[in-house]
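I have placed the structure first, in the form of C-alpha cells, so that the comments after it can refer back to it.
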Ligand SMILES: [Zn+2]
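In our numbering, the protein residues as written are 1311 to 1463.
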C-alpha cells in the first residue's frame, strides 16, 4: 500500500493565513469561496495519490458524535462560554470594512479626475440608531452609552 502524506492539510491553514494577510477584511463569503477552491484542488491531489476521498470523509466523526460521547458516555461538562460583547466588535468591523471599501472607491474617483480636494480624500462613516416610533436618530456610540435615547418608550 502506498504511503500517503497529509501535510497538505497544513497547507489549508497556511492558505487561510496567506489570504488574510493579503486582505484582513476579506468578507467571509469570499474567503469560503477561496477555500472551496482549495478544497477541490486538495481532493484532486488526494485522488491522484490514490486516496478514496469519500471513504476517508466517512471515517471522520462529526462534532455532535464527539460531543455526545463526551457528555453522555464520559459525563464531561463544558464550562459555559464567558459573556462577551460581540456587538460592538461587529459594528467596529463593519465600520472598518466599509471605510476601507469606500477609500478604494474614492481613490479610483480621484485617479479618474472625477473627485478632488486640496488634500487627500478620506472616507468616514458613522452608524446611527433610530427609534421607529419618534424618529430620533443618535450616533451608535452615544446611543450605547446612554442605553436609551428617546423619551417615547
Ligand atoms: Zn422614540
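Cβ atoms here follow ideal geometry from the backbone N, Cα and C, with glycine treated the same way.
Could you spell out the range, first to last residue, of the alpha helix (DSSP H) harbouring residue 1363? 1363-1369
Opposite residue 1438 in the DSSP bridges: which residues? Residue pairing by DSSP places residue 1438 opposite 1449 in a beta bridge.
Let me have the residue list for ligand 1: C-beta closer than 5 Å to any non-hydrogen atom, ordered along the chain. 1441, 1443, 1444, 1460 and 1462
Whose C-beta lies closer than 6 Å to the C-beta of residue 1447 among residues of the same chain, with five residues either side of it excluded? 1438 and 1440
What distance in whole Å lies between the Cβ atoms of residue 1345 and residue 1326, which are believed to be in contact at a cut-off of 8 Å? With a Cβ gap of about 7 Å, residue 1326 and residue 1345 count as contacting.
Please name the residue in 1368, 1370, 1408 and 1373 whose C-alpha comes closest to that of residue 1255. The first residue shown for the chain is 1311 and the last is 1463, placing residue 1255 beyond what the model contains.
Just reading off the alpha helix (DSSP H) that residue 1418 is part of, what are its end residues? 1396-1421
Tell me where the alpha helix (DSSP H) around residue 1344 begins and ends. Segment 1338-1358, the alpha helix (DSSP H) holding residue 1344.
Going by beta carbon distance, what residues of the same chain come within less than 8 Å of residue 1450, once the five residues before and after it are set aside? If we look at residue 1450 and ignore the five residues flanking it on each side, its Cβ neighbours are 1401, 1436, 1437, 1438 and 1439.
For residue 1341 and residue 1334, what's the separation of their Cα atoms in angstroms? If I take the Cα positions, the gap works out to 10 Å.
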